[in-house]
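To start, the structure under review is shown below, and the notes come after it.
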Amino acid sequence: MDNEVIKAIRERRSIRRFKPEQINDEELKTVLEAGTWAASGKGKQDPWIVAVQNKETCDMLRKMNAKLMGTEADPYYGAPTIIIVFGTAEWGNNVKDGSLVIGNMMLAAHSIGLASCWINREDAMFETEEGKQLLKEWGLPDDVVGIGAISLGYASAHPHTVKPRKEDYYRIIK
Ligand SMILES: Cc1cc2nc3c(=O)[nH]c(=O)nc-3n(C[C@H](O)[C@H](O)[C@H](O)COP(=O)(O)O)c2cc1C
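In the numbering used here, the protein residues as written are 3 to 176.
As structure tokens, then:
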């Protein structure tokens with residue numbers, strides 16, 4: 003069977019080249035709303051989502067992440083929007099809940115013609131003093147941990163090749 007959702011799931015790709023121009027507010031809100039509709043453990047809606055479009059703050063995030071990665075390159079690939087997802091440190095489903103929010107947002111982004119890529123290391127970034135200061139500025143509780151982030155924007159290049167799915171990815175037991 004096939005439909006628009008299935009097609010979007012199949013065709014979404016991680017994009018690592020972005021145009022500098024910013025996405026519009028309607029596009030951003032569509033992606034964020036899609037994140038909020040993710041299933042969550044016990045229906046707690048535990049994750050917090052922070053979308054950063056302020057250039058100075060984005061640059062700070064780029065530096066913080068690059069430092070942890072041990073590179074000078076921008077781990078967010080120059081995307082004009084960086085969306086970070088957090089969860090409560092003590093909540094046993096924090097990574098699962100946050101990951102699903104990220105998955106929803108990447109899929110929604112693709113479905114409206116935006117490019118995205120999951121970016122790692124936000125757990126360590128927000129354990130630093132700089133990171134904790136940002137959490138305060140953003141009005142988040144102190145007991146949150148970074149789950150992950152997405153780079154978001156308009157693609158300036160698409161991947162040429164797509165890995166086929168591994169042969170034994172799933173099995174059906176009847
Ligand atoms: C948990 C997770 C962490 C990832 N971290 C990064 C990252 O730090 N940088 C990056 O460029 N891509 C990252 N990716 C993207 C993967 O490399 C990408 O999903 C994978 O190569 C498959 O490509 P596709 O998304 O186009 O299907 C991450 C993906 C996941 C699910």
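No residue lacks a Cβ here, since even glycine has one placed at the ideal position from N, Cα and C. Model, not experiment: these values are computed from the prediction.
Residue i versus residue j: straight-line alpha-carbon distance, rounded
i, j, result
"residue 39", "residue 74", "36 Å"
"residue 2", "residue 91", "For the chain, the structure presents residues 3 to 176; residue 2 sits outside this window and is missing."
"residue 58", "residue 24", "14 Å"
"residue 133", "residue 127", "6 Å"
"residue 46", "residue 148", "17 Å"
"residue 52", "residue 140", "8 Å"
"residue 33", "residue 138", "24 Å"
"residue 130", "residue 174", "45 Å"
"residue 87", "residue 153", "12 Å"
"residue 122", "residue 31", "23 Å"
"residue 50", "residue 172", "32 Å"
"residue 124", "residue 6", "32 Å"
"residue 146", "residue 135", "13 Å"
Nearest-angstrom Cβ-Cβ length linking residue i and residue j, presumed shorter than 8 Å
i, j, result
"residue 85", "residue 157", "Between residue 157 and residue 85 the Cβ distance is about 16 Å, and since that is not below 8 Å, they are no contact."
"residue 99", "residue 42", "5 Å"
"residue 78", "residue 96", "22 Å between Cβ atoms; not a contact."
"residue 20", "residue 155", "4 Å"
Near ligand 1: residue i beta-carbon under 7 Å from a heavy atom
i, result
"residue 60", "no"
"residue 11", "no"
"residue 166", "no"
"residue 77", "yes"
"residue 95", "no"
"residue 39", "no"
**Item:** Stretch-stretch touch, CB-based, cutoff 8 Å, three pairs: the region 108 to 117 with the region 10 to 24
**Value:** Yes, since at least three Cβ pairs between the region 108 to 117 and the region 10 to 24 fall closer than 8 Å, the two stretches touch.
**Asked** Whole beta strand (DSSP E) runs in the region 86 to 146 with 3 or more residues, listed along the chain?
**Response** As far as the region 86 to 146 is concerned, its whole beta strand (DSSP E) runs of at least 3 residues are 117 to 121.
**Prompt:** Residue ranges of each alpha helix (DSSP H) run of no fewer than 4 residues wholly in the region 12 to 71, ordered along the chain?
**Reply:** Those alpha helix (DSSP H) runs which fall completely within the region 12 to 71 and span 4+ residues are 27 to 38, 57 to 71.
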